[in-house]
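Here the structure comes first, spelled out in structure tokens, and everything after it is commentary.
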Amino acid sequence: MTKVLAFIILFFAAAGISHAAENDKATQHIKLTYKAYWGGFVISKVYSSGHMSPTDYAVEVSYKVTGLATIFSNMENKVTARGKFASDGSLKPLSYTNQGRWGKYSFHNRTEFQKEDSKIISHEFAFKFKEDVEYIPIREEHKYGPDMVSFYLGLSLDEEAMKIGEKIMHQNIFGGFFLLDISYQCTENKRLKSKRSVYKGDVLVCEFRDKIVDGSFKRIKKKKKSQKKSRKKKNNTDTMEPIPLEIWYGKVDGLDNMIPVYSEFSIGWGKVRVYLAEIEVTTE
């Protein structure tokens, strides 16, 4: 659950800003709240806020597991990102921070980027996990942005990307500790109807997968396992097809770009469904 929610939060980060601000030469502020349901219970809330002016953007997203779900995981997480817009409208990340904790375990990383080419110029991190591990950094030639938030924000602002297509697109992005290959494809249109959602209407269904291509954690103290069991587990993992994360995007009144309005995914103890619960938009 922790891994999937941490991945989903970065999609919702991209929903915190509208392209309307750039067109109107104004600054627009957006606040969104998502609720994650397991059965009939709310197990997590995701809060997304951000602003965009003609020259810069900033996003903050946080979530906390609540209710019965704290029996399995009491994780909370906060992600922030800021950057500038280039003359051609492309995003130039400047900083990215991701921090989280669950019980006595935690992690924190802060990254700064060079404006001209998105090269990483500073990367500070700390972590305390259940097992003793050593962080193997991303190789120097791979230390470039965009960060996850800037990538998903840019994707949601790209009208050509937010269309049904036959081709699966790929992008390398910096995810804090890892360099990830993100593949995505919008596959079909559907209609969302739910009392749990403030949005009801047509949606664009997009699928996302992620794969680590650089950076890793190396275990220092290994638990004793038979080689046969370890080999079997590894072989099974290698042959498993990654399950795509499905996000439904909708066009909300007052916003020019589409934003995530629904998602669903399976975890060890059932299926979780995430709905857009509240939205607030102000323009200066």
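Heads up: take any position in the sequence shown, counting from 1, add 13, and you land on my numbering. From the three backbone atoms N, C-alpha and C, an ideal C-beta is built for every residue, glycine too.
**OP:** Run the CB neighbour count on residue 225, radius 10 Å, all protein chains shown included, and call it buried at 16 or more, exposed below.
**Re:** exposed
Original post:
Taking just the CA atoms, how far does residue 295 sit from residue 72?
Top reply: 15 Å
**OP:** Output the distance between the C-alpha atoms of residue 174 and residue 95, rounded to the nearest integer angstrom.
**Re:** 22 Å
Original post:
Is it the case that the Cβ atoms of residue 204 and residue 215 are separated by a distance below 8 Å?
Top reply: yes
Original post:
Which residues in the same chain as residue 223 place their Cβ atom closer than 6 Å to its Cβ, once the five residues preceding and following it in sequence are excluded?
Top reply: 193, 195
Original post:
Assuming residue 179 contacts residue 197 under a Cβ cut-off of 8 Å, what Cβ separation, rounded to an integer in Å, is found between them?
Top reply: Not really, about 13 Å apart at Cβ, beyond 8 Å.
Subject >> Beta-carbon separation (whole angstroms), residue 158 vs residue 191, contact threshold 8 Å >> reply: Between residue 191 and residue 158 the Cβ distance is about 13 Å, and since that is not below 8 Å, they are no contact.
Original post:
Is DSSP giving residue 279 helix, strand or coil here?
Top reply: strand
**OP:** Quick one: grab the DSSP three-state call for residue 154.
**Re:** helix
**OP:** Can you tell me which of the three DSSP states residue 96 falls into?
**Re:** strand
Original post:
Within 10 angstroms of its Cβ, does residue 124 collect 16 or more other Cβ (buried), or is it exposed?
Top reply: buried
**OP:** With a cut-off of 8 Å on the beta carbons, I'd call residue 217 and residue 271 a contact; round off their distance for me.
**Re:** 6 Å
Subject >> 7 Å Cβ shell around residue 213 - same chain, five flanking residues per side excluded >> reply: 205, 206
Subject >> Residues near residue 149 in its chain [Cβ-Cβ closer than 8 Å; skip 5 each side] >> reply: 228, 229, 230, 231
**OP:** Go ahead and pull the three-state DSSP assignment for residue 191.
**Re:** coil
Subject >> Residues that DSSP places opposite residue 182 in a beta bridge >> reply: 197
Original post:
Does the distance from the C-beta atom of residue 166 to that of residue 104 stay below 8 Å?
Top reply: yes
Original post:
Roughly how many angstroms lie between the CA atoms of residue 279 and residue 52, to the nearest whole one?
Top reply: 12 Å
Original post:
Does DSSP put residue 161 in a helix, a strand or coil?
Top reply: helix
Subject >> Distance between residue 99 and residue 244 (C-alpha atoms, nearest Å) >> reply: Caution is warranted here: a pLDDT of 48 is assigned to residue 244, below 50, making its placement in the model unreliable, and the coordinate value is therefore given only provisionally. In a straight line, the C-alpha of residue 244 is about 49 Å away from that of residue 99.
**OP:** Locate the beta strand (DSSP E) running through residue 149, then write down its first and last residues.
**Re:** 146–149
Original post:
Between which two residues does the beta strand (DSSP E) containing residue 41 stretch?
Top reply: 41–51
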